[in-house]
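Heads up, the thing below is written out as C-alpha cells.
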Amino acid sequence: MSPLTPGGLASGPQGPKNLRPLLDTVLDALETGAATRPGPLPAGGPAEVAARLREALGEPFPHHGDEHALHTLVHALAAGAADPAHPLCAAHLHCPPLAVATAADLAASALNPSLDSWDQAPAASELESLVGRALADEVYPPVGRTATPDALVTTGGTEANQLALLLAREKHGHVQLVQAENAHHSLHRATWLLGLPEPVTVPAPAGTMDPAALDQALTALGGPPGTVLVAATAGTTDAGLIDPLPDIATLCETHGARLHIDAAYGGGLLLSDRHRPQLDGLTRAHTVTLDLHKLGWQPVAAGLLAVRDPRDLHALGHHADYLNADDDTEAGLPDLLGRSLRTTRRADILKIAVTLKTLGRTGLGALVDQVCDHATALAELIDVHPHFELYDRPTISTVLFRPAHATDTTVADVRRTLLTEGRAVLGRARLDNRLWLKATLLNPHTGPDDLAALLKLVEGHTPR
Ligand SMILES: *Cc1c(COP(=O)(O)O)cnc(C)c1O
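At position 27 of the sequence shown (counting the first as 1) the number is 10 in my numbering, and the numbers step up by one without a gap.
Set out below in C-alpha cells:
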C-alpha cells in the first residue's frame, strides 16, 4: 500500500500527489466490494447488511486513527450498495452516474469552490452563470421570448419545487397552490414549510391532471391574477406520465394563474430530438423543475429551477456584508447570495458542464433515446407474456406490470424477496387501486437479455 499522509490536503501543490494513491485505493475497494454482491443489492436484507456494516466499521471514532479506513469503508459501502449501474437495478429515479461526471465531481471536491461569494469561486461562479443560462435556454428557447431566462442550481427537485412556490408567493404576497393527485409529495411539503394554505388537489383519473377539473377549481378560486399557482407534472414519479401541458397552460393563461411544471423526471426529454415534442407547452410555465441526477446521469446532487423571467429572482436577494458588501458589488465583484437559499454551496455545476460538453446534444440525446427504447422493449415483452399484465405503454422510461392474477400481497412479497436476495431492485406503485411492480429504466447500457432475465426472475419468484 502507498504511504498515506492522513492530514494531507486535496488541493494545493501537494494535492494531486496526495490524491493519486488514494484514488487507486478507492478504485480497488469499489471493485472488490462490488464483487461480493450477488446482484445489484447485497444479499440478506436489512439486518444482515447492517450487521456486516457494523462489523466493517468497528469503532466509528477511535482514539488513534486507522490508515486502512478508506479502503475498509469504501469496500463496505460498495459491498452493501444498491448499484444503479446493474441492469436489474430499476426501482427508482436513481441513475447510474457517468464516469466523466463523477471524475469532474472529484475535481469539485478537491478545489472545493463555494458559490456564495466570488472570492471563494471566481471561475466556478462564471461557469455556473453560463451553464445555468444555457440550460434555461433549453427550457425557454430564444425564439419569441421577452426576457432572458435563468436557472438556479439546486440539490434536486424538492428544493427546486420549494423555490418555485417561494418565488410565486414573493411575487404576489400570497399564493394558493393547485395541484393534481399525481403531484410529487415535495410540493405539499413545501406549502407546509412556507406556511401556505393546504393545496387544492384536482383529480388525475388516468394518472394525469384532468383539465376539466382544473378549470372548475380555477373558476371556483377566482382571486387576483397570479395568486393561484398551478403545479403540473411532466414525468410522474410512479408511472412517468406527462400532464396535458398545452391544455393546462391555456387554462392558466385564461384564469390568470401562474404555472409551475415539475419536470424533475420528464425534463430529461429536452435532451432528445425524438422525445422533446412530448414536452410541448413547457415553455409556457413561469418556472420549471429539472433534475439531472435522473435523466441526466449525474451523481447526486444536480437539480435546477429554470425561471422564465429573471426579475422573479429578485425575491432571493440577500445581504451579508462579509459576502456581498455594496462597495464590493459596485466595484464589480459578482453578488452570488441571491442565487440560492443556501450559503456555502458546492460546485455541482462542474460535473454538469463537463457532461454537456463531453457528450454534446447528440450524445445525451442518444442516452435518453436508449432508455426510452428499453422501456418500450420491456413493455412489449410483458404484453405478449402469458403470465404478466402490463399497466400501459411507457411514456418515458417507466414500465408498470404485475404477475397476472396475483394479489397485491403477492406483488409486494415478490418485490421484497428479490430485494432481500439481492437479485433485482424493482419499485412499487399503486394505480387504479392495484399494486404494480415498477421498472424505472435509467441505464443506457441495459440489453435485451437483461430485460428478459428480469422478467424470468419475477416469474420464478411468483408463487402459483
Ligand atoms: C424525483 C422527483 C422530485 C424530487 O426530486 P429530488 O431530486 O429527489 O429532490 C420531484 N418531483 C418529481 C416529479 C420527481 O420525480
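The beta-carbon is built from N, C-alpha and C at its ideal position, and this holds for glycine as well.
Rounding to the nearest angstrom, what Cα-Cα distance links residue i and residue j in this structure?
i       : j      : result
Ala360  : Pro180 : 44 Å
Val161  : Ala214 : 6 Å
Lys202  : His269 : Checking the displayed sequence, the identity of residue 202 turns out to be Thr instead of Lys. Going by the C-alpha atoms only, they are around 20 Å apart.
Val185  : Ile244 : 15 Å
Pro67   : Glu14  : 15 Å
Leu113  : Arg385 : 46 Å
Glu100  : Asp309 : Correcting the residue identity first, residue 100 is Ser in this sequence and not Glu. Each residue's alpha carbon lies about 13 Å from the other.
Gly430  : Leu440 : 16 Å
Gly205  : Thr392 : 44 Å
Leu420  : Val394 : 7 Å
His54   : Leu437 : 32 Å
Ala119  : Ala289 : 5 Å
Ala90   : Val83  : 11 Å
Thr381  : Ala222 : 6 Å
Cys235  : Asn144 : 18 Å
Pro207  : Ala246 : 27 Å
Pro105  : Val32  : 43 Å
Thr210  : Gly190 : 26 Å
Thr266  : Ala240 : 15 Å
Val126  : Tyr248 : 25 Å
His58   : Thr8   : 10 Å
Pro80   : Thr423 : 15 Å
Leu320  : Asp304 : 11 Å
Gly(-5) : Asp331 : 21 Å
Leu296  : Leu150 : 7 Å
Glu442  : Ala435 : 11 Å
Ser255  : Pro282 : 20 Å
Glu450  : Ala298 : Past the edges of the chain, shown from -16 to 447, lies residue 450, and the structure says nothing about it.
Gln199  : Val158 : 18 Å
Asp195  : Pro188 : Per the sequence presented here, residue 195 reads as Ala, with Asp not at that position. Roughly 11 Å between the two C-alpha positions.
So does residue i have its beta carbon nearer than 8 Å to some heavy atom of ligand 1?
i      : result
Ser323 : no
Ala247 : yes
Glu164 : no
Leu449 : Given that the chain is displayed from residue -16 to residue 447, the structure contains no residue 449 and the question cannot be resolved.
Asp226 : no
Leu176 : no
Ser380 : no
Asp274 : yes
His302 : no
Val131 : Looking at the sequence shown, residue 131 is not Val but Thr. For ligand 1, not one heavy atom lies less than 8 Å from the Cβ of Thr131.
His167 : yes
Asn416 : no
Ala284 : yes
Thr15  : no
Lys334 : no
Lys421 : no
Lys439 : no
Glu142 : yes
Thr219 : yes
Gly139 : yes
Thr216 : yes
Leu383 : no
Leu76  : yes
Lys340 : no
Lys277 : yes
From the DSSP output, in three-state form, read off residue i for me.
i      : result
Val57  : helix
Ile379 : coil
Gly286 : strand
Cys78  : coil
Thr216 : strand
Glu372 : strand
Asp221 : coil
Ala26  : coil
Thr326 : coil
Arg413 : strand
Gln353 : helix
Ala64  : coil
Asp7   : helix
Asp49  : coil
Glu126 : Going by the sequence as given, residue 126 is Val instead of Glu. Here Val126 sits in coil by DSSP.
Arg344 : helix
Leu98  : coil
Pro386 : strand
Val397 : helix
Leu135 : strand
What residue ranges within the segment 233 to 299 form continuous beta strand (DSSP E) runs of no fewer than 3 residues, ordered along the chain? Complete beta strand (DSSP E) runs here, min 3: 241 to 245, 270 to 274 and 286 to 290.
Complete runs of the alpha helix (DSSP H) confined to the segment 159 to 219 [at least 4 residues]: Taking only runs of at least 4 residues, the alpha helix (DSSP H) segments lying wholly in the segment 159 to 219 are 168 to 176 and 194 to 204.
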